[in-house]
Structure formats: C-alpha cells, structure tokens
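These protein sequence lines are chains E and A, in that order. Here the numbering used here is used: the first residue of the first sequence is 77, the next is one more, and so on. Here the numbering used here is used: the first residue of the second sequence is 1268, the next is one more, and so on. Report on the following structure.
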Amino acid sequence: MFETFRTILKRDLTLAMRRRTDLMTTLFFFVIVVSLFPLGIGPEMNTLRLIAPGVVWVAALLASMLALERLFAADHADGTLEQMLLTPQPLALLVFAKIFAHWLVSGVPLVLMAPLLGLQYDLSSEGLQVLLISLLLGTPTLSLIGAIGAALTLGLRGGGVLVSLLVLPLTIPVLIFGAGSVEATVSGLGGDGHLYMLGALLVMSLVLAPVASAAALRISNE
Amino acid sequence: MNNSRFINWFKFSSPAAFYPLAGKIWLWSTVITAVLMAVGLYLSFFVAPTDYKQGEGYRIIFIHVPAAWMSMFIYVIMAGWAAVGLVFNTRLSSMMASALAPTGALMAFIALWTGAFWGKPMWGTWWVWDARLTSELILFFLYLGFIALQSSIDDPRRADRAGAILAIVGVVNIPIIYYSVQWWNTLHQGATIKMGGESSMEATMLYTMLLMTVAFWAYSIATAMSRVRSIILEREKDTTWVQEMVREGKA
C-alpha cells in the first residue's frame, strides 16, 4: 500500500517538475496579490503591519484555489484517472497521494515565500515565525478541502469559478485561525491556541477529505 | 412493513405515488401559510406592544427570527435528504434536497436583509461583523454553492450525488465555521453586540413569534412541495404516467 502511495507521489512530482510554469504561476500570483495591497491601501507602515497577516493569508487562500483545477484535470483528460479508479488499491489512498504531491508543489513554495512578503509589511520576527508555522499547518488543509471541490467539479463547464464558490466558504475556519494566530502573536496575546486549532483542522481533514474526494471522483467518472 | 393498519410509507418513495400526495400537502400548507401569515403579520404590526427600548423598529424581528431559524433548519433537512438519496439511491430523496435548496437560500437572504433593516436604527449601521451575521452570510454562500453545483451538471443523477457530497461536507463544516467565527469575533472586538437584548419577552410577542414561525414552516413546506412536483414532472417526463396526465390536461 505504501508502495502505491510512493509511486503516485513520484509520478505527480515528476509531472509537476516537467511543467514548471504551472508551479511558478501560483507562486507569482501569490506574490503579486500581496504586493497589490499596499498600492491600494497606501504605504502607511502602521496600517500595513496591522493587515499583514490577513493579506498574506487571503492571498495564500486564493493562490491555492487557483492551483486546484490542476489537481485532477490532466489525469481526467488523458484517462489516467479512470485507470486509477479501476485499481484494486483503495482510491482514498491514491487521492491522498495526489493531494500530497499537489501540496508539495503548490503549497510549500507559498509557505517558503511568505516570510519574505511578511518582511515587506514589517512583521516582527516572532510574527514571521508564526506566519510560517500557520501556513505550514494551514495550506495542507486548504489542499485537502479543495480536493473535494476539485473532484466534484471535474469536467464541468466553468469548473474553475465553481470550485472557488464551493470551497471558499468551507475554508473560512482555516483563514480565521491562520491569520488569527499571527495577529495574536503580534499583539502579544500568543497564537498557540490558534495553531492548535489549525492542527486539529488539519488532522480532521486528513482523515475525512481523501474519503470524500474519492467518493466525489467516483461520482464524476460514472 | 405491510401491516394493513398502517400506511405503507415506502409507497411514497416512488415519484409517481408521491406526486398526488405532494399536491395535497402543497394545497394545505399554502392555505395554512396564507391564514397564519395574515394573522401573524396583523399581530406583529398592530397588536404586539411597542418595545420600551427598541421602539417600533423591533417589529421586523417577527420576520427576521423565523427566517433565520428556517435557513439553518432547511440546510440540515436538505443534507439529510441528500444523504438518504446518496445511501439508498432513492430518486425522490434527492429531488427533495434540490427542491429545498432555493427556499433555504431565500430564508438566509431574508434573514440577512431584515437583519440589516433592524441593525440600521438599532445599531446605527447596516452591517456589523457579528458572529451570527457572518455565519448566516456563510450559510447563504453554502446554499449558493449547492445550487450552482447542481445546476452546472447536466446529468440529474450525477447532480444529485455530487450535491449530496457537498451538502454532507457542509453539514460537517457548519459547526466548525460557526464556532470559529464566534471565536474570531470575540477576539477582534471586546464588546460584542448581543442580539437578544430584551430581558424577557412579553406574552403577545412570544405568541406572535411562534405563529410566524409556524407560518414560515408552512411556507417552506408549500414551496418545497410545489418545486418537487415540477422536478418530478421534469425528470419523469418520458414515463407513461406523466404523459397520460399531460394528455388529460391535469399536470
């Protein structure tokens, strides 16, 4: 079973590495969105410091939505997904491997880039640390929840917009606790509680989301 | 199951058998809605005493509160029907889920709208990022997502089942969303505006509220039934019983 997981993971990572522009699009989208806010709001450092956690988190959320479409679309188009549905291995495990690979190529770059963007907003070093940890805990949850939406909208017209409509309301808790943890740290309250909640959300979606996505994939591929 | 003393409820899981029953339920709940709504609105606007703190403006809560209750309740019912449809593969259950969604969305919208009207004179602003307001807004989005997903899938069976998964995921998420929003709000602003400001409710107000709640129930049932009838006709249009009915001019 672990062998299957590794095979899918390796395959998806190889494919992603062959199409590096896709990877860069998400990352640049993230960077550009975060850089747009000061232009819209004004260069007041005090204001920017205040909105930094929210801006970075919302941008990360939107960027991960942007990447979702690619999660199953290519495999669906060339028939690989159908073959995966037919394999004797549990589909939830295969889906989990795909989500994990997806997070490695679309989520991790965001996490690594975030502290740099936080510096633009003059976040304290403590704040930057918590931002990094919160994104590390939060972005996999976003990928997991998003996978359900991506699986449900597979092959539908206007799928990209629809995914956002379905998934964004469900990701609100992640956004609240993610941005909240940084905010609480900066204001001196301590963001531990928020990080624990993010961890809990991650564990819960780790258990439930692959199963739900697998069920959704079966429905989409009847 | 086929005990002669009891009605065989499973009979009504067939759309053909349910269609006439839905018509009867629709008729009766429409009558009940009309009567209760008329009485309830009269009581709300003319009989219920003026609130000593909030003045006349509070009267909108007789519409606001039942709508908010219904919006939450309908989502759970909808998810329940969707889950039954997914598990037992019964067509009618899924049709019920799709029939309930627009009414639920409407209720959420009414709750938000009347809430804004209430907020302007009471709080001095149309919108506050209060925990309840925010979670009601998110609930509205969840309804829209459900409707959008179902209407973008052409095959009705796939639409039913995809919608069911979304509704179930939504139901699991609603408590998490509600509590996270609440926590977010209390962390943000120290003094949260409490919606239930009154110390105790006057008896007339309470009865009026209950009456309006029953009226909203009846309204929701009536619209759901009328919508499920249309859905049944649309999906079963190739069957003989529908075609016979159309030929006789009954549909």
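Where is the CB? At the ideal position from N, CA and C, for every residue including glycine. Note that the structure is a prediction, hence the values are computed from the model and not measured.
Contacts around residue i, its chain only, beta-carbon distance under 7 angstroms, and the 5 residues preceding and following it disregarded
i: E:Leu193; result: Val107, Val110 and Val132
i: E:Gly235; result: Glu145 and Thr229
i: A:Val1495; result: Ala1289, Met1362, Met1363 and Ala1366
i: A:Ile1328; result: Trp1385
i: E:Thr247; result: Leu137, Leu218 and Ile221
i: E:Ile209; result: Leu271
i: E:Ala285; result: Leu220, Ile221, Ala223 and Ile224
i: A:Val1481; result: Leu1303
i: A:Ala1372; result: Phe1407, Tyr1410, Leu1411 and Ile1414
i: E:Glu158; result: Asn297
i: A:Ile1498; result: Met1362, Ser1365 and Ala1366
i: A:Gly1382; result: His1331 and Leu1400
i: A:Val1513; result: none
i: A:Ile1472; result: For clarity, residue 1472 of chain A is Met in the given sequence; the question names Ile instead. Cβ within range, chain order: Ala1315.
i: A:Ala1485; result: Ser1296, Ile1299, Thr1300 and Leu1303
Neighbour-count burial assignment, residue i, 16 or more Cβ in a 10 Å radius
i: A:Ser1487; result: buried
i: E:Met121; result: exposed
i: A:Gly1457; result: Unreliable positioning characterises A:Gly1457 in this predicted model, as indicated by a pLDDT of 41, which lies under 50. A coordinate reading is not provided.
i: A:Trp1393; result: exposed
i: A:Asp1505; result: exposed
i: A:Ala1470; result: exposed
i: E:Arg233; result: exposed
i: E:Tyr272; result: exposed
i: A:Arg1326; result: buried
i: E:Ser182; result: buried
i: A:Thr1300; result: buried
i: A:Ala1448; result: It is Val, not Ala, that sits at residue 1448 of chain A in the sequence shown. Burial call: buried.
i: E:Met100; result: exposed
i: A:Leu1433; result: buried
i: E:Met77; result: exposed
i: A:Asp1421; result: exposed
i: A:Glu1503; result: buried
i: E:Met93; result: exposed
i: A:His1455; result: Below a pLDDT of 50, predicted positions are generally treated as unreliable, and A:His1455, at 47, falls in that range; the measurement from the model is reported next regardless. Under this definition A:His1455 is an exposed residue.
i: A:Ser1418; result: exposed
i: E:Ile295; result: buried
i: E:Thr102; result: buried
i: A:Phe1355; result: exposed
i: E:Ala153; result: exposed
i: E:Ile252; result: buried
i: A:Thr1475; result: buried
Cutoff 8 angstroms; reference residue i; Cβ partners in own chain excluding five residues on either side
i: A:Ile1444; result: Ser1402 and Ile1405
i: E:Leu91; result: Ala150
i: A:Val1351; result: Thr1357 and Ser1360
i: A:Ile1344; result: Leu1367
i: A:Leu1416; result: Ala1426, Ala1429, Gly1430 and Leu1433
i: A:Glu1323; result: Thr1317
i: E:Leu161; result: Leu167, Leu293, Arg294 and Asn297
Proximal residues to residue i (C-beta, below 6 angstroms), its chain only, five neighbours per side dropped
i: E:Met141; result: Ser240
i: E:Gln165; result: Thr80
i: E:Phe113; result: Val131
i: E:Trp179; result: Pro216 and Ser219
i: E:Leu204; result: Pro191 and Gly194
i: A:Val1298; result: none
i: A:Tyr1342; result: Gly1371
Closer than 8 angstroms: residue i CB and nearest the ligand COA heavy atom
i: E:Thr97; result: Questions concerning the ligand COA fall outside what the structure shown contains, since it holds no ligand whatsoever.
Proximal residues of chain C, C-beta to C-beta of residue i below 9 angstroms
i: E:Glu298; result: As a matter of chain content, chain C is missing from the structure shown, whose protein chains are E and A.
### Query
If you measure beta-carbon to beta-carbon, which residues of the segment 1428 to 1441 of chain A are closer than 9 angstroms to chain E?
Of all residues in the segment 1428 to 1441 of chain A, only Arg1428, Ala1429, Gly1430, Ala1431, Ile1432, Leu1433, Ile1435, Val1436, Gly1437, Val1439 and Asn1440 come within less than 9 angstroms of chain E when Cβ atoms are compared, listed by chain position.
### Query
Quick check: the segment 213 to 221 of chain E against the segment 275 to 294 of chain E, are there 3 or more CB pairs under 8 angstroms?
yes
### Task
Could you name the residues of the segment 239 to 256 of chain E whose beta carbon sits closer than 8 angstroms to any beta carbon of chain A, in the order they occur along the chain?
Leu241, Leu242, Leu244, Pro245, Leu246, Ile248, Pro249, Ile252, Phe253 and Gly256
### Query
Are three or more beta carbon pairs between the segment 1433 to 1448 of chain A and the segment 1395 to 1406 of chain A nearer than 8 angstroms?
yes
### Query
Using Cβ-Cβ distances below 7 angstroms, what residues of the segment 1415 to 1426 of chain A are close to chain E?
Residues of the segment 1415 to 1426 of chain A whose Cβ lies closer than 7 angstroms to any Cβ of chain E, in chain order: Ala1415, Leu1416, Ser1419, Ile1420 and Arg1425.
### At least 3 beta-carbon pairs within less than 8 angstroms: the segment 185 to 205 of chain E vs the segment 261 to 272 of chain E
Note that the segment 185 to 205 of chain E touches the segment 261 to 272 of chain E; at least 3 beta-carbon pairs, one per stretch, sit closer than 8 angstroms.
### Query
Of the residues that make up the segment 1390 to 1414 of chain A, which ones have a beta carbon closer than 8 angstroms to any beta carbon in chain E?
Ile1405, Phe1408, Leu1409, Leu1411 and Gly1412
### Query
Counting pairs of beta carbons, one from the segment 1487 to 1497 of chain A and one from the segment 1289 to 1297 of chain A, are three or more of them closer than 8 angstroms?
yes
### Message
What are the residues in the segment 114 to 135 of chain E lying within 9 angstroms of chain A by C-beta distance?
### Response
none
### Query
Which of the residues in the segment 1327 to 1358 of chain A, read from start to end, lie with their CB under 8 angstroms from any CB of chain E?
From the segment 1327 to 1358 of chain A, no residue has a Cβ closer than 8 angstroms to chain E.
### Selection of the segment 211 to 225 of chain E by Cβ proximity to chain A, strictly under 7 angstroms
Ile224
### Query
Contact between the segment 159 to 174 of chain E and the segment 250 to 257 of chain E: three or more CB pairs below 8 angstroms?
no
### Task
Return the residues of the segment 1357 to 1390 of chain A that lie within a Cβ-Cβ distance of less than 7 angstroms from chain E, sorted by chain order.
Going along the segment 1357 to 1390 of chain A in chain order, one finds no residue with a Cβ nearer than 7 angstroms to chain E.
### Task
With 8 angstroms as the limit, tell me which residues of the segment 284 to 296 of chain E have their beta carbon closer than that to any beta carbon of chain A; keep them in chain order.
Leu284, Ala288, Ala291, Ala292, Ile295 and Ser296
### Query
When Cβ atoms are compared, which residues of the segment 192 to 206 of chain E fall closer than 7 angstroms to chain A?
none
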